[in-house]
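Worksheet for the structure shown next.
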Amino acid sequence: MGKPDTRRVDRAIRQTEKKLEAVRRGEWWPLTSRERLAMTRAMASGARSIHQGRSTGRAENRMDSVGSGAEARLTAELTALYGERQRIVTEYARAKAAKKSSGWF
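Using the numbering used here, read the sequence shown as starting at 15 and increasing by one per residue.
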């Protein structure tokens with residue numbers, strides 16, 4: 015038996031880590047369509063407030079909230095992927111131990 019096949023999960027982990035870092039930098043590409051829509055609405059609301067000479071605090075808070083939600087979503091996804099990777103490795107170890115204990119003597 016070789017090593018456990020975790021390539022698919024490892025690739026998904028790397029992609030999710032990249033998305034998480036991008037969200038932390040304020041980039042929009044990893045956001046879902048709902049999150050993008052909420053960000054756009056918050057920006058439009060902030061622009062309207064500026065045009066009317068009012069504070070943009072509420073719009074800024076909304077944008078921060080959407081960004082935090084996206085960060086939480088990606089963190090949860092990353093946690094699930096690490097759990098899946100651990101399950102694959104554990105399953106491999108159990109199969110290897112079972113094969114070794116029922117070996118040819």
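Glycine included, every Cβ here is placed at the ideal spot set by N, Cα and C.
Check whether the Cβ atoms of Lys17 and Tyr106 lie closer than 9 Å to each other.
yes
Assuming Ser79 is part of the alpha helix (DSSP H), what are its boundary residues?
71 to 115
Short of 8 Å in beta carbon distance, which residues of its chain neighbour Gly83, apart from the five on each side in sequence? Order them along the chain.
Glu49
Between the CA atoms of Ala112 and Met52 - distance to the nearest angstrom:
Before going on, a small fix: residue 52 reads as Ala here, not Met. Going from the Cα of Ala52 to the Cα of Ala112 covers about 52 Å.
Taking only the alpha-carbon atoms, compute the straight-line gap between Arg129 and Thr46 and give it to the nearest angstrom.
This structure gives no information on residue 129, because the portion of the chain shown stretches from 15 to 119.
Measure the alpha-carbon distance for Ala126 versus Met57 and round it to whole angstroms.
As displayed, the chain neither begins before 15 nor continues past 119, which places residue 126 out of reach and without an answer.
Between the Cα of Gly81 and the Cα atoms of Thr30, Arg21, Arg38, Lys33, which residue gives the shortest distance?
Arg38
Compare the Cα-Cα distances from Thr54 to each of Lys33, Ile64, Trp42 and report the closest residue.
Trp42
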